[in-house]
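The next block holds one structure in the form of structure tokens; read it before the comments.
Protein chains: 2
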Amino acid sequence: MRYEKGHKESTRQQITEVASKQFRDQGVSAVGLAAIMADAGLTNGAFYTHFSSKNDLVRECVEQTLDAQLQAISRNISEHGLEAVLRQYLSPSHRDDRGHGCPSAALLPEISRQSPEIRHAYTARFNAVIEVIAQQLPGHDPDDAHQTARAMFALVVGSLQLARAVDDPALSDDILEGAIAAVLRLAARPSKA
Amino acid sequence: MRYEKGHKESTRQQITEVASKQFRDQGVSAVGLAAIMADAGLTNGAFYTHFSSKNDLVRECVEQTLDAQLQAISRNISEHGLEAVLRQYLSPSHRDDRGHGCPSAALLPEISRQSPEIRHAYTARFNAVIEVIAQQLPGHDPDDAHQTARAMFALVVGSLQLARAVDDPALSDDILEGAIAAVLRLAARPSKA
DNA sequence: AATATCACATTACGATCATAATGCAATAAG
DNA sequence: CTTATTGCATTATGATCGTAATGTGATATT
């Protein structure tokens, strides 16, 4: 045994954190394992003592980042309310920090092209976030609350992607602000419940 | 001259069409030039007589697919109305045919990581589509119409991405249907104009 | 104190990456 | 009819891809 007891676990965690950032920054297929390992302070060869394949690492990253996002959203909703979470999600600072931001906004089209187990992991955590959002829509009946929550999620994800894609800073800001207003309209209690 | 007069132009067009499909199917960074050229019935070496780089090809594909989408949307809106275009965009057949579908839904996070000229080309065409949608929102004042149009666009793009990512077919259908309802709510004439 | 373990480094595999130099053959231009 | 042009194929570049075999040295175990 060359290293102390908890060493392997902390190294594995370091790899997934570095990889999660690089994947969101540059895209899953644009990042090589060598770059991830180097950024984690290791070399190529150590990778396969921690993961069985790149697909395995991607799955781990998707699960961890989505779990962390769910926890953060749940806590912030109970502490500050839905609108505060919304404004934070659609903020310039979130737009400008892809590497630590929403995995859906950074990777959603790529996730749809990943292996079945990754898509399955994504689906479960997507449903969990929708559940949390739907519980914040009291005026809606249960089915409608879930449909509306999904639309709200799609709207903020799409808006963040658009705000990152356009090259006009003023337009990018307008996209974020318009999205906040639109999501609040969707969340509002329907005229006839 | 080994080939007839219009040959080079039609070959170039063939390359961009094949590339546009492969990029949307598999992602820009996941597709190699050799695979594109082979699918176009050519070999590696012919690429650089048509394009100066892969970035150049990507720009051409983004421009062509977005221009075609704008024309299709404009025509279908004037022929069948906004709601029909919406229902077609959020249809299972569009979800299941990435390669010929909306470039934004297939590539938006990747576009935000592309070169400045590609992001600039995207921005101009995004604004053009928003203009067309905004003109279909008569109850809104001009600024609000554009904000709402952007939110509607973000909502349909995000929803299509989600419908493609989840591995539960029933959920995927629900996402599409819920998105239609939500977009129509956003498009509805605001209570106080 | 001796030994076995194992998390890493080193090195390398064949494949593919974007890019490019060179060769060629058929057609357009003369 | 000759010749110059050029759109493509062939071939090759060094780099990087995901994956894997092998080496090694410090620690946990004995």
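Those protein sequences? They're chains A and U, same order as listed.
Note that my numbering gives residue 134 to position 134 of the first sequence, counting from 1, and the numbers run on in steps of one.
Note that my numbering gives residue 67 to position 67 of the second sequence, counting from 1, and the numbers run on in steps of one.
Just so you know, even glycine gets a beta-carbon here, dropped at the ideal spot from N, CA and C.
Note that the structure is predicted; figures quoted are calculated from it, not measured.
Can you give the beta carbon distance from residue i to residue j, rounded, assuming they're within the 8 Å contact cut?
i, j, result
"leucine 155/U", "leucine 155/A", "4 Å"
"valine 28/U", "valine 58/U", "6 Å"
"arginine 153/U", "isoleucine 130/U", "Residue 153/U is actually phenylalanine in this sequence, not arginine. So it is a contact: roughly 6 Å between Cβ atoms."
"arginine 164/U", "serine 112/A", "4 Å"
"isoleucine 77/A", "glutamine 136/A", "6 Å"
"glycine 99/A", "arginine 24/A", "5 Å"
"glycine 119/U", "valine 157/A", "Correcting the residue type first, residue 119/U is arginine in the shown sequence and not glycine. Contact doesn't hold; Cβ gap of about 19 Å is too wide."
"tyrosine 122/A", "leucine 162/A", "Rounded, the Cβ-Cβ distance is 21 Å, inconsistent with contact."
"alanine 182/A", "leucine 186/U", "6 Å"
"leucine 70/A", "alanine 30/A", "With 8 Å as the limit, leucine 70/A and alanine 30/A do not qualify as a contact, their Cβ atoms being about 26 Å apart."
"proline 103/A", "valine 132/A", "So it is not a contact: roughly 16 Å between Cβ atoms."
"asparagine 55/A", "serine 10/A", "Incorrect: roughly 23 Å between the Cβ atoms, too far for contact."
"glycine 139/U", "arginine 87/U", "That pair is no contact at about 21 Å."
"glutamine 147/A", "glycine 178/U", "3 Å"
"alanine 124/U", "alanine 134/U", "Not quite, the Cβ-Cβ distance comes to about 16 Å (not below 8 Å), so this is no contact."
Q: May I ask you to list, following chain order, the residues of the region 162-182 of chain A that have a beta carbon less than 8 Å from some beta carbon of chain U?
A: Residues passing the 8 Å Cβ filter: Leu162, Arg164, Ala165, Val166, Asp167, Asp168, Leu171, Asp174, Ile175, Glu177, Gly178, Ala179, Ala181 and Ala182.
**Message:** Runs of 4 residues minimum, wholly inside the region 112-193 of chain A: which ones carry the alpha helix (DSSP H) assignment?
**Reply:** Within the region 112-193 of chain A, the complete alpha helix (DSSP H) segments at least 4 residues long are 116-134, 142-165 and 169-187, listed from N- to C-terminus.
Practice problem: Closer than 7 Å, Cβ to Cβ, to anything on chain U: give me those residues from the region 88-103 of chain A, in chain order. | Solution: Against chain U - using a Cβ distance shorter than 7 Å - the region 88-103 of chain A contributes no residues.
Exercise. Count the CB pairs spanning the region 94-105 of chain U and the region 5-17 of chain A that are closer than 8 Å, and state whether there are at least three.
Key: No, the region 94-105 of chain U does not touch the region 5-17 of chain A.
*In the region 114-129 of chain U, which residues sit with their C-beta less than 8 Å from some C-beta in chain A, listed in chain order?*
Cβ proximity to chain A below 8 Å picks out Pro116, Arg119, His120, Tyr122, Thr123, Phe126 and Asn127 from the region 114-129 of chain U.
Report task. Can you give me, in chain order, the residues of the region 133-161 of chain U that have a beta carbon less than 7 Å from any beta carbon in chain A? Result -> Those residues of the region 133-161 of chain U that come within reach of chain A (Cβ to Cβ, closer than 7 Å) are Gln147, Thr148, Arg150, Ala151, Ala154, Leu155, Val157, Gly158, Ser159 and Gln161.
| Contact residues within the region 10-27 of chain A, judged by C-beta distance below 7 Å to chain U | Across the region 10-27 of chain A, CB contacts with chain U closer than 7 Å involve Gln26 and Gly27, in sequence order along the chain.
- Message: Any contact between the region 33-45 of chain A and the region 97-112 of chain A? By contact I mean 3 or more CB pairs, one from each, below 8 Å.
- Response: When Cβ pairs closer than 8 Å are counted between the two stretches, the region 33-45 of chain A is seen not to touch the region 97-112 of chain A, the count staying below three.
Every unbroken beta strand (DSSP E) inside the region 67-97 of chain U [3 residues or more]
Runs of the beta strand (DSSP E) lying entirely within the region 67-97 of chain U and spanning at least 3 residues: none are present.
Q. Whole alpha helix (DSSP H) runs in the region 25-72 of chain U with 4 or more residues, listed along the chain?
A. Within the region 25-72 of chain U, the complete alpha helix (DSSP H) runs of at least 4 residues fall at 33-39.
- Query: Just by C-beta distance, which residues in the region 30-47 of chain U are closer than 7 Å to chain A?
  - Reply: Cβ contacts with chain A come from Ala30.
Could you run through the region 51-72 of chain A and flag, in chain order, every residue whose CB is less than 7 Å away from some CB of chain U?
Residues passing the 7 Å Cβ filter: none.
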